[in-house]
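For reference, the structure discussed in these notes is given below.
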Amino acid sequence: MKVGRIIALLAVLVLVGGALRYFWRQAEPRRNSFHTLQQFNHALASGDTPQLLALVSQPAALQGRTSAEQSEFLVKALRDEISVEGLAVLQRDGAFGSLTNIFPAEAKTWSNQAGVKPEDCVAFKLERNGIRAEVVLVQNPDRGTQNAELRIVRCNNVKQLAADKL
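FYI, in my numbering the residues of the sequence shown are 327 to 492.
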């Protein structure tokens with residue numbers, strides 16, 4: 327009788343462990359994307375130009391410019407778009423998935439503007455009180471899916487989410 331209970335308990339533990347591993351792996355792209363956003367926010371706030379340039383997928387209009395010009399433009403354009411507080415709200419409440427699922431109407435336009443394929447992109451989205459936060463990241467297709475290098479393609483209204491915390 328005790329052996330049967332032990333076997334049943336072990337079977338339950340194996341099933342629970344397998345389920346936890348499955349869900350952990352399913353959430354990996356979201357965790358990696360959010361980690362990239364945190365790095366981006368830190369680079370933007372600290373003025374770490376090399377890190378900032380490494381984390382952003384450069385728009386075609388900036389590609390012929392110097393690193394100083396690129397970073398100056400990015401800081402001016404993005405400093406009011408992201409914050410630690412806004413990231414916390416986005417992480418907690420935002421939808422995440424492929425760009426074509428999260429932003430079907432805009433996916434092609436945004437990916438074309440960035441010179442990337444929509445199928446290589448993932449996105450976060452959160453609508454609250456008339457504000458729509460948008461974040462799009464592209465995965466370097468040469469790196470594969472595990473520990474892939476992600477770059478920011480679009481970041482809009484994340485900081486504004488913090489002002490509307492519920």
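Glycine residues also receive a C-beta, built at the ideal position from the N, C-alpha and C atoms.
This structure is a prediction, so every number in the text was calculated from the model and none was measured.
| request: Let me know the secondary structure DSSP gives A459 once reduced to three states. | output: strand
| query | Where does N358 sit, in a helix, a strand or coil, going by DSSP? | reply | N358: helix per DSSP, three-state reduction.
| said: With a threshold of 6 Å on Cβ separation, who are the neighbours of L452 within its own chain once the five nearest residues in sequence on each side are excluded? | reply: Residues L416, D419, G420, A459 of the same chain have their beta carbon placed closer than 6 Å to that of L452, with the five preceding and five following residues left out of the count.
| task | Please report the residue range of the alpha helix (DSSP H) in which I428 lies. | result | 425 to 428
| request: Confirm, please, whether the CB-CB distance from V464 to V484 is below 8 Å. | output: no
| query | If you compare alpha carbons, which of V461, R454, V410 is closest to C447? | reply | V461
| Leaving out five residues before and five after K434 in sequence, what residues of the same chain have Cβ atoms less than 8 Å from its Cβ? | P444
| Can you give the Cα-Cα distance for T471 and A394, rounded to whole angstroms? | At T471, the pLDDT of 45 sits below 50, so the modelled position is not reliable; the number obtained from the coordinates is stated separately. Taking the straight line joining both Cα atoms gives about 31 Å.
| request: Count the C-beta pairs between the region 396 to 405 and the region 424 to 433 that are closer than 8 Å, then say yes if the count reaches three, no if not. | output: Verdict: no, contact absent.
| Does the beta-carbon of N473 have 16 or more other beta-carbons within 10 angstroms, so that it is buried, or is it exposed? | Interpretation of N473 is limited by its pLDDT of 44, a score under 50 that renders its predicted location unreliable; the figure taken from the coordinates is listed afterwards. With fewer than 16 other beta carbons inside 10 angstroms of its own, N473 counts as exposed.
| Is F366 near L379, with beta carbons less than 8 Å apart? | no
| C-beta atoms of A449 and P385 nearer than 8 Å | In this structure, A449 lies away from P385, with their beta-carbon atoms at least 8 Å apart.
| message | Starting from V448, trace the beta strand (DSSP E) in both directions and tell me its first and last residue. | response | 447 to 454
| said: Do F399 and L413 count as a contact pair if the criterion is CB distance below 8 Å? | reply: no
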